[in-house]
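Peer 1: Numbering (the working numbering), first residue to last: 1 to 82.
The structure is given below, and queries will be raised subsequently.
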C-alpha cells in the first residue's frame, strides 16, 4: 500500500505526518512533541542542528542560526532581508 507524507512548513514550528492504512499519524520529534521549531543552525564543529537543539543554542550562536526562513523563500541570497 502507498504511503503519503505531509509536511507543514510553518514560520515558527513545522510538523510532518504520514498516512498509513487510511489513518494519519503525526511523526513525533526526537523529544516526543508533535511539532519542531523551524530553526536550523551550524555549530562550531560544522554540525547541522535542527529544531529544539538549534533553538536552545541560538542565543550563544546567533550568526550561524537561521529562523523564520519561510519568509525568505523565493528571495535571492543577495537581498538585504536575507
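Every residue gets a Cβ at the ideal spot worked out from N, C-alpha and C, and that includes glycine.
Model, not experiment: these values are computed from the prediction.
1) Which of the three DSSP states, helix, strand or coil, is assigned to residue 3?
2) Name the residue from 51, 43 and 42 whose alpha carbon lies nearest to the alpha carbon of residue 16.
3) Hey, could you find the ends of the alpha helix (DSSP H) residue 56 is sitting in?
4) Below 8 Å on the Cβ atoms is my contact criterion, and I expect residue 10 with residue 70 to pass it. Report the Cβ-Cβ distance as a whole number of Å.
5) Taking Cβ positions, are residue 44 and residue 19 nearer each other than 8 Å?
6) Considering residue 66, what are the terminal residues of the beta strand (DSSP E) in which it resides?
7) Are residue 39 and residue 66 touching if we call contact CB-CB under 8 Å?
8) Report the partner residues of residue 62 according to the DSSP bridge assignment.
Peer 2: Per the coordinate set shown:
1) coil
2) 51
3) 52-57
4) 7 Å
5) no
6) 65-67
7) yes
8) Beta-bridge pairing links residue 62 to no other residue.
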